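Note sheet for the following structure.
2 protein chains.
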Amino acid sequence: MAKTNPPDGGGSDANENTFVRHRVARPPKEGLLKEFKSVVQETFFHDAPLRDFKDQTASKKVLLGIQAVFPIIGWAREYNLRKLRGDVISGLTIASLCIPQDIGYAKLANLDPKYGLYSSFVPPLVYAGMGSSRDIAIGPVAVVSLLLGTLCQAVIDPNEHPEEYLRLAFTATFFAGVFEAALGFLRLGFLIDFLSHAAVVGFMGGAAITIALQQLKGFLGIKKFTKKTDIVSVMHSVFGAARHGWNWQTIVIGASFLTFLLVAKYIGKKNKKLFWVPAVAPLISVVVSTFFVFITRADKQGVQIVRHIDQGINPISVGKLYFSGKYFTEGIRIGGIAGMVALTEAVAIARTFAAMKDYQIDGNKEMIALGTMNVVGSLTSCYIATGSFSRSAVNYMAGCHTAVSNIVMAIVVALTLVFITPLFKYTPNAILAAIIISAVLGLIDIDAAILIWKIDKLDFAACMGAFFGVVFISVEIGLLISVVISFAKILLQVTRPRTAVLGKLPRTNVYRNTLQYPDAAKIPGILIIRVDSAIYFSNSNYVRERILRWLREEEEKAKAADMPAIKFLIIEMSPVTDIDTSGIHCIEELHKSLEKRQMQLILANPGPVVTEKLHASKFADEIGEDNIFLSVGDAVAICSPKLAEQQA
Amino acid sequence: MAKTNPPDGGGSDANENTFVRHRVARPPKEGLLKEFKSVVQETFFHDAPLRDFKDQTASKKVLLGIQAVFPIIGWAREYNLRKLRGDVISGLTIASLCIPQDIGYAKLANLDPKYGLYSSFVPPLVYAGMGSSRDIAIGPVAVVSLLLGTLCQAVIDPNEHPEEYLRLAFTATFFAGVFEAALGFLRLGFLIDFLSHAAVVGFMGGAAITIALQQLKGFLGIKKFTKKTDIVSVMHSVFGAARHGWNWQTIVIGASFLTFLLVAKYIGKKNKKLFWVPAVAPLISVVVSTFFVFITRADKQGVQIVRHIDQGINPISVGKLYFSGKYFTEGIRIGGIAGMVALTEAVAIARTFAAMKDYQIDGNKEMIALGTMNVVGSLTSCYIATGSFSRSAVNYMAGCHTAVSNIVMAIVVALTLVFITPLFKYTPNAILAAIIISAVLGLIDIDAAILIWKIDKLDFAACMGAFFGVVFISVEIGLLISVVISFAKILLQVTRPRTAVLGKLPRTNVYRNTLQYPDAAKIPGILIIRVDSAIYFSNSNYVRERILRWLREEEEKAKAADMPAIKFLIIEMSPVTDIDTSGIHCIEELHKSLEKRQMQLILANPGPVVTEKLHASKFADEIGEDNIFLSVGDAVAICSPKLAEQQA
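Residue numbers (this note's numbering), protein chains in the order written: chain A, 43 to 690; chain B, 43 to 690.
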């Protein structure tokens, strides 16, 4: 069978001058252990994380191992003054941005402002030693703060039991860290890929709206405000308080500084060189407005102020964690949810900037770093920290080179905690609200949503589902919707693979989808179907039924057009990368159904795994090796003359 | 670009004599509504269930609609005496098999024997009117009985609160029916495909062992027996009772009749014409042993007997269902689990026999029939009924033609209930145990397990996981393991798609996996990689990283062999059936990474959906339409001379 002259003088995708017909090869059989090893490698170590360890001495291996856990050892040796300059500038810039944000975000988590600042001190230091991203800016972020606040609040009232609430928040932070590190350590990092990009865009947009709406309390100076986060409840609160609850002085302060922040943002966007304008605008707002309130004593007019922030750096909080009881299990649950969202955000940021600067990020190692940083954070009075989109972008644009910018930021935050916090006493809450509103607006990515709409309507549905879920119901429900829709899409993919009828492109021997290439001509008496997926238990019944439906439809068409009846069914198996027992059953049943109708089943180009399994299951013998071809072209070349014979 | 002479005189998969080069076609754009409609159709109506309704008058449509719900109307008109003869014979055969089984299975569910018989009366009648399988035999089955018994027992002790236990069992049956019907009605039947064949084989085998072990109580005449189902607890009970708890008279009766049953089974297996021997053997055993005990009064010697079965057909049980309270929610949960297992078994049977006789089964309609039958059953004192593997096989071999055989069986069971039940008084429990053991042994499918081992090692792991989970822990845990492993396999499939390096088969223009075809030669300076899956959010990062790893490895090889550096990366996209926003990002990032290394990314043969999305996202413009080819051959034909130029 190795060399035959295909009867139609064309035959196969082969070069005409030689008429070579190759057999479908059975790949060399691998041992069980080797097969198992290769599956494990592709699943958990596809990026070959140990490749640098190969062919090294033992001592070198230990050094490499330590360096793998603490990348700082690697890059510190190549550190120089030029890099330091960039890192100091960017570190100062993100510090000025993070201090006011931290104070505001802590309030989203129903915590005192100081905990926001604490979380910008210890976690960035830990990350700087262990993380591999050069651009990420670590600290509290809006969405995770809101999520943590909402989830913890449902368990304990933060006003009635502030101490228990705080302990629950630390417990959740601890377990968030444990989960993150465990995912990385077990190399299960790919699990976060199950939250689809589209769902994340929708979720983030919805969370941004929700956070902005929550700020209306501080922005309008309302005293009685709903605890719910959905837009209906919030609007009810806002307009219910309209008659006597709004404070005009607060509104004036808030609105003027929000305008200032938005203008600064616009300037930064228009001229990339002025990126520092929006970065320092929040701190300027805080300084100016605090001074203004201090001078005018506007707080006596009902303008709410921060009042008091404890001085000093993070106290130890080891004893505050719950390790038994109801709050322990709740802490695990909340930590799991918030930790995953934090992880998704941080890894997305790390990957984005790594791609921009073309360096590699090991997702799993990154997770270990983020997890460790949160575990350490939970022991030092921090709540969940992660990578911040807005601050990382500023960090990048300010010219950071390494994680030293995070160290610089942490030092500035620590100095602030030690020396400057009393000065925040007269900072009006309205300013913090304005800063948060201007920050979270950047999370609403309308361009991405439009692109998603253009590319994939189902993705857009996922995006909108998450968005409206967050805005109209709650953050958790929105997150749940995102996850469910993401999974539904995966399930849809594996249960309903595509199939296509192929035809021959004119004057070639190429067979292509007749719907994509209207030129491609079907061959009378032969139906060619391509199955576009591995055939597994999850789709084998569908595949069989769908092929039979194609057959039925094509037979009806052939009858209507008075064409010869279909005698050969060729399945193009190039895209069928794998098959399991259910899949083999499916093809066997198809073969039997066709036999009863006097049709011949033919397989074209099964891959290595499929070929192996066709033989292992003896189906290759049942159908006959003669009916398995290297390509559709080969198959047609052999079937056509048979067909002519039958009709003669 | 439509017609060019490829410079190497070969070019593309194309026929040599004409040198045609086709463009990659952008399929005609579909409207949003049409696109949505086609997704919905493929997902929920892929078998075109309404095709018969097309082009019919309104009255005809109504008639067809009624017939769709009650297929009996369709086939009853073509019913004739010849078919009746086959159905009566097979109906009588399965009745003789089901009566002793029913009594035994009811005990597995911790219910009185009569409930087993009830469940073989009403449900088969309902199914006969609504079901579309011609061969399935309806009634209680061992595995579902055991599952229901185990789950209900964990909530209520059947000895202490028999009335509440019974009510819970009916409630669970009701909701099992509701779930089954709902799945079918919502056309979500494909969800049961998520339990993989391998997991089912393992689960069934484990359940068979567990059931057989449970029978040791009746078989050895042990009075005190564990309530747990795992093998360790059971063995502990058995040997703990060895000294004084075994009853030798019971063992003699049980062992001799078990031998008889197994011999009968062996005869039936050896000679297919004697299929009726194993089918009637149980009834003969019951009659003979009952008579024997009645004569010898062996029950006075400690041989346990059935004692009493109420006379009369099913009483109404509408008032017994729980519709509120704790048992209501437990009923929903238990019904959901047991219902899904029952459904999986019934649909698998229906499909198997439909394939053997080559008729079509509509899975969703089948589920509505099975669900309705259980809902009606729960209102008439039945517990969950489904299709029985062993009885369906007997039904098929006895020559059944339609569901009339189920009607015949139901009538015989009803007559038994009305007239014969008092005669079962002296039936020894050991006989029932022997009948169940001999019945469930058929569920242990060693051949299937061996085949699974040969075909797919991961599948085998799933199979064994389910098996050992059931045998060593419990039925629920075994089921959970099956589901989890099945899902893990699906997730593995979507997160870790295969990729392959392609080479050119000698003297052809065909490009194939170099691992499968060691002959296939790589082309210096060009790396060709095939991605074997749709690129979605769940795998886009993996795909990008894996391609970069291939590139790194091939570059190292090229360097070591002193070959020209790689300048072109061709991605063969034939198997990439779809791409989402994350996938587009992945390719964009890959393109950027390659640009930085002075390499050119080239796409070969993107399918219709992918082509559309490449254009919608403007990536086609970014990479340049010139770098998208119809086939790998075309791409190589264009790249090779460019490469030669660069090197010159």
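The beta-carbon is built from N, C-alpha and C at its ideal position, and this holds for glycine as well. Just so you know, these numbers come straight off a predicted model, no measurement behind them.
If you ignore the 5 residues before and after A/Ser434, its C-beta comes within less than 7 Å of the C-beta of Asp177, Ile178, Ala179, Ile391, Phe395, all in its own chain and listed in chain order. Against chain B, the beta carbon of A/Val536 has neighbours under 8 Å at Ile532, Gln535, Val536, listed in chain order. Remark: C-beta atoms of B/Ile376 and B/Ala503 do not approach each other more closely than 8 Å.
With a cut-off of 8 Å on Cβ pairs, the stretch 435 to 452 of chain A is in contact with the stretch 127 to 138 of chain A, counting three or more such pairs. Annotated as proximal: A/Ala110 and A/Lys407, with beta-carbon spacing under 8 Å.
Taking 8 Å as the CB threshold, A/Phe245 stays off the interface with chain B.
Within the same chain, Thr213, Tyr364 come within 8 Å of A/Phe370 by CB-CB distance, once the 5 residues on both sides are set aside. Counting only runs of at least 4 residues, the stretch 503 to 577 of chain A fully encloses the following alpha helix (DSSP H) elements, listed from N- to C-terminal order: 517 to 537. Take the alpha-carbon of B/Ile108 and the one of A/Met605: they are about 36 Å apart.
Taking all protein chains shown into account, B/Pro683 has fewer than 16 neighbouring C-beta atoms within 10 Å of its C-beta and is therefore exposed.
Look at A/Thr213 here: in three-state DSSP terms it is helix. With 16 or more other Cβ atoms from the protein chains shown falling within 10 Å of its own Cβ, B/Leu412 counts as buried. Using a 10 angstroms sphere on the CB of B/Leu228, the tally of other CB atoms stays under 16, which defines it as exposed. Within the DSSP bridge table, the entry for A/Pro165 names no partner. Taken atom to atom, the span from the alpha-carbon of A/Thr301 to that of A/Leu262 is near 15 Å.
Within the stretch 591 to 661 of chain A, the complete beta strand (DSSP E) runs of at least 3 residues fall at 610 to 614, 642 to 646.
The criterion of a C-beta distance shorter than 8 Å is satisfied by B/Val460 and B/Gln353. If you draw a 10 Å sphere on the C-beta of B/Leu485, you find 16 or more other C-beta atoms in it, and that means buried. For the set A/Lys314, A/Lys368, A/Val185, A/Phe334, the Cα lying nearest the Cα of A/Leu385 is the one of A/Val185.
Partner residues in the beta bridge of A/Gly181, as assigned by DSSP, are A/Thr428. Here the alpha carbons of B/Phe245 and A/Gln98 stand approximately 47 Å from one another. Contact between B/Val383 and B/Leu521 is confirmed by a C-beta separation of about 7 Å, below the 8 Å threshold.
The count of Cβ pairs closer than 8 Å, one atom from the stretch 329 to 343 of chain B and one from the stretch 419 to 434 of chain B, stays below three, leaving the stretches out of contact.
Here B/Tyr207 is buried, its C-beta having at least 16 other C-beta atoms within 10 Å. Proximity of B/Lys599 to chain A, defined by a Cβ-Cβ separation below 8 Å, is not satisfied. For a cut-off of 8 Å, the C-beta gap from B/Ala323 to B/Ala306 is around 4 Å, short enough to register as a contact.
A/Asn201 counts as exposed, since fewer than 16 other C-beta atoms from the protein chains shown sit within 10 angstroms of its C-beta.
Taken atom to atom, the span from the alpha-carbon of B/Tyr401 to that of B/Lys564 is near 48 Å. At a C-beta separation below 8 Å, B/Ile494 has these neighbours in chain A: Thr623. Rounded to whole angstroms, the separation of the alpha carbons of A/Phe317 and B/Asn583 is 30 Å.
Collapsing the DSSP output to three states places B/Ile198 in coil. Listed by position along chain A, the residues whose Cβ is nearer than 8 Å to that of B/Tyr584 are His88, Phe232, Asp235.
In terms of Cα proximity to B/Val573, the closest of B/Pro548, B/Tyr559, B/Arg538, B/Glu597 is B/Arg538. Beta-bridge partners assigned by DSSP to A/Phe267: none are found.
The three-state reading of DSSP puts B/Pro357 in coil, since its state is none of H, G, I, E or B. Take the alpha-carbon of B/Gly171 and the one of B/Thr414: they are about 11 Å apart.
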